[in-house]
Amino acid sequence: MSKKEIVAMLLAGGKGTRLGVLTKNIAKPAVPFGAEYRLIDFPLSNCTNSGIDTVGVLTQYEPLVLNSYIGNGSSWDLDRRDGGVTVLPPYLRETGGSWYKGTADAIYQNINYIELYDPEYILVLSGDHIYKMDYSRMLAQHKQWGSEASIAVLEVPWEETQRFGIMNTNEEDRIIEFQEKPEEAKSNLASLGIYIFNWPLLRDYLDKDASNDDSAHDFGKNIIPAMLEDNRRVFAYTFDGYWKDVGTIKSYWETHMDLLAEKSKGLNLYDRSWVISSVNPNRPPQFVGRTANISHSMINKGTKIRGKVENSVIFFGVDIGEGAVIKGSVIMPNVTIEEGAYINKTIIGQDSVIKDNARIGVGETEEFEITVIGEGETISNGRIIEHGSVIG
Amino acid sequence: MNNVMGIINNNPQGISLKEIPAHRSLASTPIAARHRLIDFPLSNMVNSGIKNVGILLESRFRSLLDHIGPGKAWGLDTKKDGLFLLPPAHIYGDNQIYKGDIENLYTNLDYLHRSSQEYVIVAYPFIVCNINYRRAFDHHIKSGADITVIYKDLETMHRDSHYTTIKTDNEEKLIDMKVNPDTRRDTRVSLKRYIMKKDILLEIIDNSVATGQWDFEKNGIASRLSYYDVLGFPVHDYIAIIGSVSEYYRRNLEMLQPEIFQDLFEGIGPIYTKHKDEAATKYTINSRVNNLLAANGCLIDGEVENSVLFRGVKIRQGARVKNSVVMQKSEVKENAVLENVIVDKNVRINPGKELRGDPAFPLIIEKNSII
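Line by line, the protein sequences are chains A and B.
Quick note on numbering that gives the first Met the number 0: the first sequence kicks off at 0 and runs consecutively.
Quick note on numbering that gives the first Met the number 0: the second sequence kicks off at 0 and runs consecutively.
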């Protein structure tokens with residue numbers, strides 16, 4: 000193998016417990032997003048666009064769909080003679096083996112993979128965040144500042160600091176303290192879970208961490224604090240673009256609504272200089288019938304629209320019958336919505352069938368809660384589902 | 000169908016879509032929002048189980064090469080067999096005159112000899128359909144014919160289009176065949192899909208070259224009906240013959256009819272095309288749409304009725320587009336009006352402009368124009 004300056008390690012083994020029925024059969028990074036994509040398309044496309052051509056994808060929970068989705072990586076131009084994408088599930092060794100016990104352990108167990116490329120730097124990424132970021136700029140700062148570790152941070156509203164790992168920095172952007180989901184934050188710089196490390200240094204810390212039985216083997220909880228304790232040169236890299244963790248039903252839904260909002264707010268998916276690629280199923284053009292009425296929505300190819308669609312994101316292969324009304328909803332691939340159905344503020348999992356005149360997400364209220372229908376569900380004729388319900 | 004190879008024959012045979020293919024070969028003419036003509040015959044072959052396809056390139060093949068690439072979208076990027084691009088010979092000649100497809104085939108005889116398949120299907124790209132060749136091939140084997148012609152009996156024929164008409168006897172044997180005749184006595188129209196043994200194709204090439212004739216369909220088949228045993232195989236599927244500009248326009252809009260859309264896209268097999276990472280089409284709060292075929296990456300901020308929009312088309316606020324075909328990356332600015340217009344790629348229609356054609360004679364806006 001030829002030497003690579005940087006190798007990306009993409010953590011994609013998470014279960015995504017908080018997404019509930021949406022991750023019943025698939026890993027969180029494989030969850031469909033934005034009419035056309037799956038979550039993992041964002042970090043993979045960012046790697047390609049940043050000129051990083053060697054990416055290890057660490058899988059563990061329900062890897063089947065994710066593995067077949069990644070394939071040989073050609074969708075992201077990662078089918079390379081040298082490097083490219085490699086799926087790295089946990090495996091047995093002569094001395095035994097185990098599941099990945101934490102984010103750091105996942106990297107530790109794949110030291111052999113990394114050493115194949117003898118890299119100077121390691122980029123650690125999560126497979127479940129929505130953002131567009133040029134990692135080569137982060138690397139440039141890392142090199143220029145002589146950092147040993149760099150952590151991408153984002154200014155978040157002060158009232159949200161307790162949801163994040165907070166980085167306290169000095170005037171040189173050097174990180175002096177790390178607070179995991181603090182009650183009282185000293186700063187509002189949240190870690191995005193995007194790290195660049197000098198590989199020999201990280202390797203030492205991973206070795207040490209692995210032999211510590213009390214460790215959770217986690218970057219945020221163990222590796223970063225240990226580096227700070229040793230007074231290592233850990234710097235913040237400030238990111239000011241759009242970034243969302245779609246880890247909950249609410250944020251998943253909101254991120255979709257952001258896509259529909261004016262350009263300034265959500266992620267611009269139409270920018271041809273930073274294309275997000277996906278494994279695109281081959282489908283005919285979208286067919287909008289004479290009875291259709293579409294407003295403020297995103298609609299993918301392979302759909303047939305004959306009803307009313309408003310403030311919604313419609314994935315490929317969705318069929319919407321005459322007289323059906325879809326409002327403020329996210330309809331995943333290959334869902335069939337029959338005539339006269341009414342769907343309000345609902346996320347519908349792929350391959351589900353909503354029979355005619357069913358009413359979903361309704362109730363006597365001003366403030367509707369998000370309703371979720373899981374994958375492959377059938378909602379019978381005329382059935383009424385109260386807003387906020389979870390089916391599946 | 001392991002024993003059958005495909006040849007896509009890009010001989011234009013005098014068919015002209017005027018300005019539309021001026022910069023591209025007929026085969027790479029955009030159609031149906033996200034396709035090009037060649038997607039149909041190529042997908043039909045792949046869906047029928049054919050794994051070795053040769054494409055005869057004609058003159059302006061840059062856009063075709065760009066579209067086909069190594070054949071990945073059709074699953075033809077394989078080590079064994081796969082996709083073969085067969086360059087024309089005439090571009091190297093002194094006068095650079097295209098004599099016909101026979102010359103092209105003759106230049107690429109090595110490819111034909113080297114292919115292991117015993118049978119070949121020759122298809123032309125300007126007839127759009129979604130059919131499976133298996134039945135026709137089985138029939139070919141059973142009937143023992145030298146050549147099988149897939150045909151359809153048409154209810155209506157258009158004066159301004161081009162057809163290869165055939166006449167058959169009671170046993171489906173061809174007794175007459177004419178390529179683009181002015182006077183049409185027969186309603187049976189060849190789909191320009193011809194099945195034969197590779198040896199017969201080689202014989203046709205040899206005989207044509209030796210007698211100075213260069214059109215495979217005219218000289219190889221139509222004028223040799225008494226020599227070969229040529230049988231017809233009727234189909235009833237939807238077909239669109241893109242034989243003229245008005246036919247091109249009519250057929251694009253015709254695909255908005257649900258039955259036709261279904262027949263073409265949800266029938267026998269998927270129609271594959273080059274994939275281009277475009278986000279879903281965005282409709283704003285001002286959009287008003289009715290009967291529309293659209294590819295991805297469009298922005299619809301105005302009114303669109305009864306039209307076909309290709310990838311990345313932008314219809315700005317207050318613009319009205321009716322009975323029109325708007326190709327890739329073109330933009331219709333605020334309050335502009337289009338009616339019965341074909342807009343080629345990368346065109347900009349400035350605010351407030353009003354352009355109208357006739358339903359029978361659409362206005363064509365050339366590629367890269369600013370109006």
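Note that CB positions come from ideal geometry on N, CA and C, so glycine has one too.
query                                                                                                                                                                       : result
Would PHE32 (chain A) count as contacting chain B if we go by Cβ distances under 7 Å?                                                                                       : no
Under a CB-based cut-off of 7 Å, is ARG358 (chain A) close to chain B?                                                                                                      : no
Alpha helix (DSSP H) containing TRP198 (chain A): first to last residue?                                                                                                    : 198-209
At which residue ranges does the region 45-88 of chain B contain complete beta strand (DSSP E) runs of 3 or more residues, listed in the order of the chain?                : 51-55, 81-85
Determine, using beta-carbon pairs with one atom in the region 279-291 of chain B and one in the region 76-87 of chain B, whether at least three such pairs fall under 8 Å. : no
Helix, strand or coil: how does DSSP classify ASP152 (chain B) here?                                                                                                        : strand
Taking the beta strand (DSSP E) that MET226 (chain A) falls in, what are its first and last residues?                                                                       : From DSSP, MET226 (chain A) is part of no beta strand (DSSP E) but of the alpha helix (DSSP H) over 223-228.
Identify the residues that DSSP records as bridge partners of ASN289 (chain B): which are they?                                                                             : B:GLU304
Tell me, to the nearest whole angstrom, how far the beta carbon of VAL331 (chain B) is from that of VAL324 (chain B); I am working on the premise that it is less than 8 Å. : Rounded, the Cβ-Cβ distance is 12 Å, inconsistent with contact.
Is there at least one Cβ from chain A nearer than 7 Å to ASP276 (chain B)'s Cβ?                                                                                             : yes
What would DSSP say about TRP242 (chain A), mapped onto helix, strand or coil?                                                                                              : strand
Using a cut-off of 7 Å between C-beta atoms, extract the partners of THR283 (chain B) located in chain A.                                                                   : HIS295
Can you tell me whether DSSP reads TYR341 (chain A) as helix, strand or coil?                                                                                               : strand
What's the gap between the Cα of VAL334 (chain A) and the Cα of SER276 (chain A)?                                                                                           : 23 Å
Name the chain B residues whose beta carbon is nearer than 7 Å to that of ARG289 (chain A)?                                                                                 : ASN289, ASN290
For a test of the three-state rule: what should DSSP assign to GLN140 (chain A), helix, strand or coil?                                                                     : helix
Within 8 Å, do at least three Cβ pairs link the region 97-108 of chain B to the region 63-76 of chain B?                                                                    : no
In chain order, which beta strand (DSSP E) runs of at least 3 residues are fully inside the region 210-250 of chain B?                                                      : 229-233, 238-240
Counting only Cβ pairs nearer than 7 Å, list the residues of chain A close to PRO40 (chain B).                                                                              : Residues of chain A passing the Cβ test: none, with the nearest at roughly 16 Å.
Starting from the Cα of ASP236 (chain B), find the closest Cα among B:PHE125, B:GLN116, B:TYR150 and give me that residue.                                                  : B:TYR150
Using only the alpha-carbon positions, how far apart do ASN2 (chain B) and ALA32 (chain B) sit?                                                                             : 34 Å
Quick check: the Cα distance between GLU333 (chain B) and ILE314 (chain B), rounded to an integer number of angstroms?                                                      : 8 Å
Name the DSSP beta bridge partners of ALA151 (chain A), please?                                                                                                             : A:TYR236
Given this structure, state the Cα-to-Cα distance separating SER272 (chain A) from THR210 (chain B), to the nearest angstrom.                                               : 55 Å
Kindly indicate which residue of A:HIS128, A:ASN197, A:THR160 has the alpha-carbon position closest to the one of GLY145 (chain A).                                         : A:ASN197
Just how far apart, CA to CA, sit HIS112 (chain B) and TYR118 (chain B)?                                                                                                    : 12 Å
TYR99 (chain A) and GLY12 (chain A) look like a contact to me (Cβ under 8 Å); what is the Cβ gap, rounded to whole Å?                                                       : 6 Å
Would you say the beta carbon of ARG223 (chain B) is closer than 6 Å to some non-hydrogen atom of the ligand SAM?                                                           : The ligand SAM is not part of this structure, which contains no ligands at all.
Return the residue from the list B:ILE369, B:THR147, B:ILE126, B:MET156 that minimises the CA-CA distance to ILE30 (chain B).                                               : B:ILE126
Could you tell me if PRO180 (chain B) is buried or exposed, where buried requires 16 or more neighbouring beta carbons within 10 angstroms of its beta carbon?              : exposed
Taking Cβ positions, are ILE364 (chain B) and VAL336 (chain B) nearer each other than 7 Å?                                                                                  : no
When the cut-off is 7 Å and only beta carbons count, does THR280 (chain B) lie next to chain A?                                                                             : yes
Measuring alpha carbon to alpha carbon, tell me which residue in B:ARG319, B:ALA318, B:LEU308 is nearest ASP343 (chain B).                                                  : B:LEU308
So is ARG33 (chain B) in contact with chain A if we call contact Cβ pairs under 7 Å?                                                                                        : yes
Quick one: using the 10 Å Cβ neighbour count with 16 as the cut-off for buried, is TRP157 (chain A) buried or exposed?                                                      : exposed
Quick check on the DSSP output: the beta strand (DSSP E) that includes ASN8 (chain B) runs from which residue to which?                                                     : 3-8
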